[in-house]
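Whatever position you read off the sequence shown (first residue = 1), add 3 for this note's numbering.
A virtual CB, placed ideally from N, CA and C, is assigned to each residue, including glycine.
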Amino acid sequence: MTLGNIAFLGSGETSLTGGRIFEQLARQINGPLRIAVMETPAGFELNSGQVAGRVADFLKTRLGNYKPQVDVIPARKKGSAFSPDDPETCAPLLHANFIFMGPGSPTYAIRQLQNSLAWDIIRARQRLGATLVFASAATIAVGQWGLPVYEIYKVGLDVHTVPGLHFFADFATPLSFVPHWNNADGGADLDTSRCFVGMERFVEWCAMLPPGHTTVGLDEHTGIIMDFEKRICQVVGVSSVSLVRECDPKIYPSGT
């Protein structure tokens, strides 16, 4: 069985660029398109259903030619009626061949999905050929080490690392991900690059990672697709992806 493709997006999952990436991935899926949109990263928000629902609606429209079945998975919080450990909540994942997880809080997603039924199914589905797409907060959550963005940028905690879901542990590949890599929302007065924490704090975080670790920096409206069958990675979107080892970045522009 061929392993499924995995895409990581720095942002823009419901933009023109995101739509093109989704289309590229959908073309490679055989049979009916069955999409599952995970609500978990935004599960702490009172409108988490709307957050995931907007992505689901976008996928229904953008991939309408494929007549997809789209399910929102309301796996919001452990120990609740919408738990990522609840078999009924997670049931659509068992048949999904395209699974999306995106905006929200990276550390919340890690806490809710760690050792959960939902996460076990997602990993198993990729082994059985399903395509996975991680965007924004979810890209941080699935790495070996997480950047606690809100805790640093909003709460004011000292720079620190948190253990992530480490999707690539089974591949013996130490990878972490940082979206919004080239963010410029702060303008000339505030450095909001490196997912809003800024270059200075990112360098501090990067220095805490183990030797030999690789961090993948994803520019806005840019992503990377890992094709396991062809054994290649392709940078897609409008800008570039950076591979950072020992805090030294190597930049790969879109199309490489």
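Spatial neighbours of residue i within its chain, please: C-beta separation below 6 Å, excluding the five flanking residues on both sides.
i    : result
M104 : M41, F137 and A141
Give a yes or no on whether 8 Å exceeds the smallest Cβ distance from residue i to chain C.
i   : result
S83 : Absence of chain C from the displayed structure is noted, only one protein chain being present.
Three-state secondary structure (DSSP) at residue i?
i    : result
K70  : coil
T92  : helix
V165 : strand
L135 : strand
S14  : coil
I102 : strand
W184 : coil
L97  : helix
S83  : coil
T195 : coil
List the DSSP bridge partners of residue i.
i    : result
R248 : T217 and D251
P256 : S243
M229 : I9 and C236
R37  : Q72
S179 : T218
G262 : A question about residue 262 goes unanswered here, because the residues of the chain that appear run from 4 up to 259.
Below 7 Å CB to CB, which residues in the same chain sit around residue i once its five sequence neighbours on both sides are set aside?
i    : result
R204 : I155 and V162
Below 8 Å on the Cβ atoms is my guess for residue i versus residue j; work out the distance and round it to an integer in Å.
i    : j    : result
A39  : D74  : 5 Å
Q122 : L168 : Note that residue 122 is Trp in the sequence shown, not Gln. Confirmed, Cβ separation roughly 6 Å.
Would you call the region 229-236 and the region 195-204 touching, i.e. three or more CB-CB distances under 8 Å? no
Across the region 156-170 and the region 19-30, are there enough close Cβ pairs to call them in contact, namely three or more that are closer than 8 Å? no
Tell me, please, whether the region 17-26 touches the region 83-94 by the rule of three or more beta-carbon pairs shorter than 8 Å. no
Is the region 11-25 touching the region 175-186 in the sense that three or more CB pairs, one from each, lie closer than 8 Å? yes
Check whether the region 111-119 and the region 49-66 touch, using three or more Cβ-Cβ pairs below 8 Å as the test. no
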